[in-house]
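J.:
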Amino acid sequence: MRFYLATSFIFPRSLRLRLFTLCFATTHMPLIAYSIWGLATGRIELADFVLLTLATVFGTILALLGIGALLNPIHTLADSLHQADSSVLPEAMDVIQSLYAGVHRAARATDARLQSLEAAAHEDPLTGALNRRGFLHEVNALIEQGARGGVALIDVDHFKAVNDTLGHDEGDRILKALASELVMQTRRVDLVARWGGEEFALFLPDCAEDVAADILTRIARALQQQPIGVVAGRPITVSGGTSQCDDGNLEAALARADAALYAAKHGGRNRVMTQGSLARSPMEA
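Here the sequence shown is numbered in the numbering used here, starting from 21 and rising by one per residue.
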């Protein structure tokens, strides 16, 4: 790269001509050296001079033909990568800059595409919240850094009736509304994910389980006061289950939260239960 930049003053817009100049100069060095020696010593022979000149010219022609053939794929590749980016190699304006800039653009585009795919793989397309995979990835990364906290699962009560009565479009709207409510009612450091179907998962760093239960109870109460939907004249409610993740075992904490959610469902719904089965009804809170 240093030699390329150092020689960029020679035909800066044409790598082919630059290579020709260097090739011409180097292939004629034996002829120049012989001529200087012959003139200095008076021992130059015309036949030797002519023969050496012809050999040099023939070698130059072969070198130029080879250079041209070798550069053709580079020109084709540079053309396919489009025009050069002037922010790269500003002292040169030839095919190498075009190729170099094109490769950089392709690398940036690939990186952006990979980031987009990574985000899509971790994001729920309906609600914009994390999906299950993204939630597990993010929470496990925090746990590896030493984070501990409360885990919660929250589920829309009688969601099948919502879809059957109001239709799937309204069901989707309700899920998006619930996701927005969860984000608004939690801190920026808290993680909210659509766990699957009508169920959402939360990780609340540095929160004890009782605090997590209080947060879910507050959310459930808010959803009663300002319903995200109404079915058969009754506001849509939610049930929740919480647990504590103090040992870094997220899978076990989620299983305990799921058991608490199951107990809340079978305990009459519209309530939050901890892993210790302490019921908290938003109607009573």
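Glycine included, each C-beta is placed from N, C-alpha and C at the ideal position.
Can you tell me whether isoleucine 52 is buried or exposed? The criterion is at least 16 other CB atoms within 10 Å of its CB, across all chains shown.
T.: Label assigned to isoleucine 52: exposed.
J.: So for aspartate 1, helix, strand or coil by DSSP?
T.: The first residue shown for the chain is 21 and the last is 305, placing residue 1 beyond what the model contains.
J.: Please say whether glycine 169 and leucine 224 have beta carbons closer to each other than 7 Å?
T.: Contact: yes.
J.: On a CA-only basis, which of Val209, Leu156 and Ala221 is nearest threonine 147? Give me that one, please.
T.: Comparing Cα-Cα distances from threonine 147 to each of Val209, Leu156 and Ala221, the minimum goes to Ala221.
J.: Measuring straight from C-alpha to C-alpha, what distance separates leucine 173 and arginine 125?
T.: Roughly 43 Å between the two C-alpha positions.
J.: In chain order, which continuous runs of the beta strand (DSSP E) of length 3 or greater are located wholly inside the region 167-248?
T.: Runs found: 169-176, 211-216 and 219-225.
J.: Give me, in chain order, the residues of the same chain whose beta-carbon lies closer than 7 Å to that of aspartate 192; leave out the 5 immediate sequence neighbours on both sides.
T.: Closer than 7 Å at the Cβ level, and outside the excluded window around aspartate 192, lie Leu146.
J.: Apply the 10 Å Cβ neighbour rule to arginine 38 and answer buried if 16 or more other Cβ atoms are within range, or exposed otherwise.
T.: Per the 10 Å Cβ criterion, buried.
J.: Give every residue of the same chain whose Cβ lies closer than 6 Å to the Cβ of proline 255, excluding the five residues on either side of it in the sequence, and list them in chain order.
T.: Cβ within range, chain order: Gln244 and Pro247.
J.: Leaving aside the five residues before and after alanine 149 along the sequence, list all residues of the same chain whose C-beta is less than 6 Å from its C-beta, in chain order.
T.: Excluding residues within five positions, the ones whose Cβ falls inside 6 Å are Ala199, Val212, Ala213 and Arg214.
J.: How far does the beta strand (DSSP E) with threonine 262 in it reach, from first residue to last?
T.: Run containing threonine 262: 258-265, per the beta strand (DSSP E) assignment.
J.: In three-state DSSP terms, what is methionine 293?
T.: DSSP places methionine 293 in strand when its eight states are reduced to three.
J.: Here's the rule: buried if 16 or more other CB atoms are within 10 angstroms of the residue's CB, otherwise exposed. What is glycine 216?
T.: Burial call: exposed.
J.: Skipping 5 residues on each side, what residues in its chain have a beta carbon closer than 6 Å to that of valine 203?
T.: Cβ within range, chain order: Val212.
J.: Does the beta-carbon of glutamate 164 have 16 or more other beta-carbons within 10 angstroms, so that it is buried, or is it exposed?
T.: It counts as exposed.
J.: For glutamate 219, count the other beta carbons within 10 Å of its own beta carbon; 16 or more makes it buried, fewer makes it exposed. Which is it?
T.: Glutamate 219 is buried by the Cβ-count criterion.
J.: Rounded to a whole number of angstroms, what is the C-alpha to C-alpha distance between leucine 85 and arginine 63?
T.: Roughly 34 Å separates the two Cα atoms.
J.: Tell me which residues share the same chain as alanine 233 and place their Cβ nearer than 7 Å to its Cβ, disregarding the 5 neighbours each side in the sequence.
T.: If we look at alanine 233 and ignore the five residues flanking it on each side, its Cβ neighbours are Thr262, Val292, Thr294 and Arg300.
J.: Measuring alpha carbon to alpha carbon, tell me which residue in Ala252, Asp175, Phe155 and Asp278 is nearest leucine 186.
T.: Among Ala252, Asp175, Phe155 and Asp278, the Cα nearest to that of leucine 186 is on Ala252.
J.: Determine the burial state of asparagine 269: buried for a count of at least 16 other Cβ atoms within 10 Å of its Cβ, exposed for fewer.
T.: By the neighbour-count rule (16 or more Cβ atoms within 10 Å), asparagine 269 is not buried but exposed.
J.: Just to confirm, are threonine 76 and threonine 47 a CB contact at a threshold of 7 Å?
T.: Yes, the pair counts as a contact, with Cβ atoms nearer than the cut-off.
J.: Out of Thr61, Tyr54 and Ala60, which one is the CA nearest neighbour of leucine 71?
T.: With distances taken between Cα atoms, leucine 71 lies closest to Tyr54.
J.: Among Phe155, Ala89, Asp144 and Glu229, whose alpha-carbon lies nearest the alpha-carbon of glutamate 271?
T.: The candidate whose alpha carbon is nearest that of glutamate 271 is Phe155.
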